[in-house]
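Here is the structure we will look at.
Numbering (the numbering used here), first residue to last: 3 to 815.
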């Protein structure tokens with residue numbers, strides 16, 4: 003089993019680059035007619051493109067197969083190449099490596115063979131299917147129909163896994179396999195898999211498994227890791243808390259308390275976690291916030307509290323995390339980190355689904371309902387997506403959907419869950435990780451997923467809080483409501499993201515602008531945007547609505563349109579004062595999309611940016627998005643010019659924006675520096691300096707730019723304090739992307755000429771540190787930084803320039 007999920011912090015981007023280069027290399031070396039973007043014909047001597055690692059598990063048949071993908075989609079593939087067959091499996095003696103499957107029964111593939119095969123396996127296992135999976139097999143130039151005999155498990159019910167005999171059978175078989183696996187001598191999966199497997203056995207309610215679960219809970223109580231604690235600890239917390247609540251066994255409570263308090267103490271000042279716990283100053287390291295481990299840690303802390311831990315540190319950590327995560331209700335999917343709401347899919351690698359569980363545990367009806375609906379609308383090929391793989395997208399799917407009741411789970415299973423689940427199940431009853439359809443394996447390709455899938459099948463038993471024990475929070479959907487949400491999630495795949503919506507009529511798209519789903523609204527708005535101003539009158543009419551969802555959608559439609567949209571400006575200006583924060587943000591971004599046409603909106607937006615109501619908006623999110631809308635270098639209303647803007651109002655807005663807790667917002671505001679004269683810069687020097695020496699508490703990926711830009715301003719105007727500040731940033735900078743940042747800092751320092759000679763000893767110490775290598779950072783890049791710094795030292799020593807320096811508070815002299 004793999005013992006870590008992602009590469010170490012600073013190494014991650016280089017690994018991603020390496021993967022991309024490997025993919026390009028594989029494509030280039032595969033030969034004409036056999037590249038990753040051309041379909042190999044295996045019946046005419048075609049071969050798997052060089053460098054391909056991924057093949058597909060074909061459910062209980064016991065076979066695995068290569069299915070050609072393009073842009074993470076197998077929709078256009080029409081051949082399935084068998085790569086292996088498990089000995090003693092149903093496909094043994096029927097299929098062998100090198101066989102090509104061309105279709106099912108008498109029908110050759112006309113659609114995505116992954117789905118067609120998965121659905122055929124589901125059908126064969128049903129009572130009507132009688133266990134016969136009939137395949138069109140090509141072998142050695144001959145094509146014939148062959149049958150793979152599968153056990154008959156029954157048919158998924160309309161509310162599966164609830165009131166579903168097949169689901170009950172799968173849970174029973176899988177649990178038996180899992181119990182045997184856990185007892186084996188070599189059982190030692192990674193902590194997440196281990197926790198999920200034990201939780202799955204606990205979720206069955208079968209007392210025969212309790213001794214095994216107790217052993218695993220005791221393992222969790224003694225668990226200790228220094229790497230990636232945020233990932234491991236969330237799941238060990240869940241296991242211990244659920245075990246304690248289920249059995250009343252308090253022996254693991256010291257371990258539960260130890261890990262829970264560590265997790266709470268390791269939270270950042272803004273309520274987030276990253277790959278690791280926060281630094282002593284309350285800021286995260288590396289590239290900062292990651293909501294995936296943050297969600298699971300929060301769930302673990304909530305369950306720990308329910309299990310009996312009473313500590314204000316837990317309460318504080320839970321509340322801060324909830325404040326951060328709840329912001330995304332009605333706006334999109336919970337994103338990777340402290341970023342914009344994710345609007346490409348109805349879930350972003352399972353985070354919405356996990357959030358549905360979290361807010362159910364907290365009794366938050368509105369949030370639980372929203373995130374559960376988003377989870378329900380994400381099925382089939384949408385669940386292929388996910389950063390470094392789709393393990394989390396599958397793990398949390400049905401637990402999130404189930405918050406909306408059995409009709410929702412049944413609709414989700416029949417829309418795309420059933421074929422996927424049945425494809426992942428082995429003939430022995432265990433489950434493997436399928437992964438997305440792509441050339442290279444993802445980070446979870448060898449993970450045992452049995453516990454992850456069995457937790458979904460255990461939902462009807464409601465034995466655990468994670469599987470529904472307790473009073474429901476979100477309202478239960480009717481069958482019609484569930485089917486409508488499934489329809490909302492349709493019309494998308496990885497290599498044709500907008501085709502379905504582009505084919506809809508104006509009326510159909512305008513109706514979708516009023517949807518509850520932010521993803522539907524965005525897809526419709528983009529499609530309308532392609533039609534430019536032709537439907538602007540109808541969109542402006544929607545802008546008069548009292549319904550906030552409609553206002554969100556109509557604003558987005560204006561944003562994406564081209565042409566003359568001036569007639570929408572009066573209403574958008576009104577909406578800048580709307581009671582709903584997200585309506586105000588959407589209106590601002592619609593005005594931003596109009597560029598020079600909307601210049602009259604700038605004073606209103608600057609005033610709102612400068613004055614934040616922390617009671618209503620504790621994280622100053624409106625200020626953040628107004629910063630982007632106004633100051634984005636390329637798209638902002640003030641990105642190219644500040645001509646005609648009231649300088650006092652501008653100064654007030656810059657001062658406020660530079661104190662936003664998000665590094666990305668601060669960096670965006672700093673793009674205005676280049677438009678300011680010395681007289682205009684002078685009153686801002688203290689806040690510019692503070693933004694350099696006091697790093698932002700969040701948004702670390704983009705937090706360095708405001709610091710570097712500020713140093714450029716200080717150097718340009720020869721502000722004396724910039725020398726020490728530049729050296730200090732070089733010494734303490736985030737290693738992430740520092741190989742690009744260090745040369746910039748050295749160029750800035752050289753502007754001070756011989757004045758910088760005073761800091762040469764500091765620079766020599768920094769160069770020595772680079773020469774010795776930096777933790778979790780490539781040695782060759784540290785060497786490059788060392789070279790740049792030593793070259794700068796030589797140039798400073800040789801410099802005879804002594805420009806006149808000014809102190810920072812020039813106006814007070």
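The beta carbon of each residue, even a glycine, is placed where N, CA and C say it ideally should be.
Note that the coordinates shown come from a computational prediction; the quantities given were computed from them, not determined experimentally.
So for residue i, helix, strand or coil by DSSP?
i           : result
residue 85  : strand
residue 718 : helix
residue 652 : helix
residue 416 : helix
residue 429 : coil
residue 190 : coil
residue 330 : coil
residue 29  : Residue placement at residue 29 cannot be trusted, given a pLDDT of 33 that sits under 50; the coordinates are not used to answer.
residue 517 : coil
residue 806 : coil
residue 99  : coil
residue 629 : helix
residue 504 : helix
residue 698 : coil
residue 91  : coil
residue 662 : coil
residue 434 : strand
If you count every other CB in all the chains shown that lies within 10 Å of the CB of residue i, and 16 or more means buried, which is it?
i           : result
residue 176 : buried
residue 803 : exposed
residue 352 : buried
residue 209 : exposed
residue 613 : exposed
residue 129 : exposed
residue 197 : buried
residue 763 : exposed
residue 190 : exposed
Give a yes or no on whether the C-beta atoms belonging to residue i and residue j are separated by under 8 Å.
i           : j           : result
residue 635 : residue 62  : no
residue 200 : residue 241 : yes
residue 671 : residue 715 : no
residue 622 : residue 607 : no
residue 291 : residue 340 : yes
residue 435 : residue 446 : yes
residue 364 : residue 324 : yes
residue 818 : residue 350 : No statement about residue 818 is possible, as the shown extent of the chain runs from 3 to 815 and does not include it.
residue 738 : residue 276 : no
residue 521 : residue 345 : yes
residue 356 : residue 378 : no
residue 756 : residue 791 : no
residue 326 : residue 273 : yes
residue 524 : residue 558 : yes
residue 503 : residue 511 : yes
residue 239 : residue 305 : yes
residue 249 : residue 212 : yes
residue 429 : residue 91  : yes
residue 794 : residue 731 : no
residue 347 : residue 73  : no
Along the alpha helix (DSSP H) that carries residue i, what are the first and last residues, could you check?
i           : result
residue 359 : 353-363
residue 205 : 193-205
residue 799 : 781-800
residue 67  : Unbroken run through residue 67 is the beta strand (DSSP E), 65-68; no alpha helix (DSSP H).
residue 602 : Element bounds for residue 602: n/a, residue is neither H nor E.
residue 596 : Taken as a continuous stretch (DSSP letters only), residue 596 belongs to no alpha helix (DSSP H), as it is neither H nor E.
residue 669 : 665-672
residue 373 : 367-378
residue 740 : 740-752
residue 393 : 393-397
residue 234 : 231-249
Return yes when the C-beta of residue i is under 7 Å from any heavy atom of the ligand MN, and no when it is not.
i           : result
residue 394 : Inclusion of the ligand MN in the displayed structure is not the case, the ligand content being empty and no account of it being possible.
Could you check where the beta strand (DSSP E) with residue i kicks off and where it finishes?
i           : result
residue 146 : 144-151
residue 102 : 102-106
Quick one: does residue i have its CB under 8 Å from some CB of chain B?
i           : result
residue 752 : This model lacks chain B altogether, as it is built from one protein chain only.
### Query
Which ranges would you report for the alpha helix (DSSP H) in the stretch 271-328 if only whole runs of at least 4 residues count?
Runs of the alpha helix (DSSP H) lying entirely within the stretch 271-328, each at least 4 residues long, are 293-308, 314-328 in chain order.
### Query
Enumerated in chain order, which unbroken segments of the alpha helix (DSSP H) with a length of 4 residues or greater are wholly contained in the stretch 107-183?
Listed in chain order, the complete alpha helix (DSSP H) runs (minimum 4 residues) inside the stretch 107-183 are 115-127.
### Task
Counting only runs of 4+ residues fully inside the stretch 530-582, write out the alpha helix (DSSP H) ranges in chain order.
If we require 4 residues or more, the alpha helix (DSSP H) runs fully inside the stretch 530-582 come out as 538-544, 550-562, 571-577.
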